[in-house]
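Take 205 as the starting number for the sequence shown in my numbering and just add one per residue.
Yeah, the Cβ is synthetic: ideal placement off N, Cα and C, and Gly gets one too.
Report on one structure; see the data block that follows.
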Amino acid sequence: MSHLSLTHRVGGVFVLARDPAALSAWYARCLGVDSPPLTYERRSWRQEAGPTVFAPMNAHPEHLPAGRSWALNFRVSNLDAMVAQLRSLGVDVRVHEEGYPNGRFADLHDPEGNSVQLWEPGGIDEV
Numbered sequence: 205m206s207h208l209s210l211t212h213r214v215g216g217v218f219v220l221a222r223d224p225a226a227l228s229a230w231y232a233r234c235l236g237v238d239s240p241p242l243t244y245e246r247r248s249w250r251q252e253a254g255p256t257v258f259a260p261m262n263a264h265p266e267h268l269p270a271g272r273s274w275a276l277n278f279r280v281s282n283l284d285a286m287v288a289q290l291r292s293l294g295v296d297v298r299v300h301e302e303g304y305p306n307g308r309f310a311d312l313h314d315p316e317g318n319s320v321q322l323w324e325p326g327g328i329d330e331v
């Protein structure tokens, strides 16, 4: 397999939404993802560098809602604190009981039913 010598990172995630403004506001309020800038004079959302997984999956994964073909995973430094914050905002969050060699996880859905996973890296991916 050849490897490109160019440096590249995920530079954007674009999501179809019934109400884009409301969904953008939810991500800003609940997960700290800034809304897209309205002018070229404002900077886009910045995130910390760290481990990122890009994983094409089987066409019918059990952890995605029917009719969905993608899910977001946010890396968090303190899963318990993030879960508490989301629950205080009325978001239903399910923390995985099982621990994994690469960290801890929790699942939730945004207001439009899209899957969102929280990941507190552990093991070799610990930040």
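Distance between residue j and residue i (C-alpha atoms, nearest Å)
i	j	result
C234	F258	23 Å
L290	V297	7 Å
L293	E245	31 Å
A273	N262	One detail in the question is off: residue 273 reads as Ser in this sequence, not Ala. C-alpha separation (whole angstroms): 10 Å.
P305	G254	17 Å
Selection from the options that minimises the alpha carbon distance to residue i
i	options	result
Q321	I328, V331, V295, G327	V295
E252	R272, S281, D311, G303	S281
G216	E302, N318, L276	L276
D311	V287, Y304, V331	V287
G236	R279, W274, R308, G327	R279
Beta-carbon contacts of residue i that lie in its chain and below 7 Å, excluding the five residues immediately before and after
i	result
P241	R247, S248
D284	none
Contacts around residue i, its chain only, beta-carbon distance under 8 Å, and the 5 residues preceding and following it disregarded
i	result
L227	V219, A221, D314, P315, E316
Beta-carbon contacts of residue i that lie in its chain and below 6 Å, excluding the five residues immediately before and after
i	result
E324	V280, L283, G307, R308
* Residue ranges of each beta strand (DSSP E) run of no fewer than 3 residues wholly in the region 256-295, ordered along the chain? -> List check, beta strand (DSSP E) in window: 275-279.
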